[in-house]
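Chemist:
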Amino acid sequence: MSLSLVRRLAMLSLAAGFLSGCAAGAGISVPLFPGVSIGVGVNSGGDVNLGLGTGVGPVGVGVGVNQRGQVSAGAGVGVSTGVGGGARVRAGVGTGTVIYDPNAAPANPPPRH
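If you use mature numbering (1 follows the signal peptide of the UniProt record, and there is no 0), the sequence shown corresponds to residues -23 to -1, 1 to 90, in order.
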């Protein structure tokens, strides 16, 4: 399994539902330099995500931002197989979370004593 696969899976994982907890999605990524790719994807909830990912072996990690400015981070694992003509079929699973939401209510400051 190539690092290119892992980077793509990381990007797909980011695009595939970090904001909703469990969703499906699809995306595409392009290598920037060895070990790092940039990609765009869309999940079943309609969120479009632009992300940056990397990986080692079957494990990938990445961060992304969606059209509402929410920043997510996540990790995934996956596999691929050749289907002929240089094409590959890939599948993976991942998990992640929103690490910044510009629309979230501000945290309440601690009470003053």
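Glycine is no exception: its CB is placed at the ideal position from the N, C-alpha and C atoms. Computed from a predicted model, the values in this text were never measured in an experiment.
Work out the CA separation of valine 42 and alanine 84 for me, nearest whole Å.
Modeler: 21 angstroms
Chemist: For a quick check, are the C-beta atoms of isoleucine 5 and valine 13 less than 8 angstroms apart?
Modeler: no
Chemist: Ends of the beta strand (DSSP E) at glycine 51?
Modeler: 48 to 61
Chemist: Are the beta-carbon atoms belonging to glycine 73 and serine 57 less than 8 angstroms from one another?
Modeler: The answer is no: Cβ separation not under 8 angstroms.
Chemist: Taking 8 angstroms as the cut-off, decide whether the C-beta atoms of arginine 45 and asparagine 80 are in contact.
Modeler: Yes, Cβ-Cβ distance for arginine 45 and asparagine 80 is below 8 angstroms.
Chemist: Using the C-alpha atoms, what's the distance from glycine 62 back to tyrosine 77?
Modeler: About 41 angstroms.
Chemist: Within 10 angstroms of its Cβ, does leucine 9 collect 16 or more other Cβ (buried), or is it exposed?
Modeler: exposed
Chemist: Note down the Cα distance separating glycine 69 from proline 35, rounded to an integer number of angstroms.
Modeler: 9 angstroms
Chemist: Residue range of the beta strand (DSSP E) that asparagine 26 falls in?
Modeler: For asparagine 26, the enclosing beta strand (DSSP E) covers residues 25 to 33.
Chemist: Which class does glycine 39 belong to by DSSP, given the choice of helix, strand or coil?
Modeler: strand
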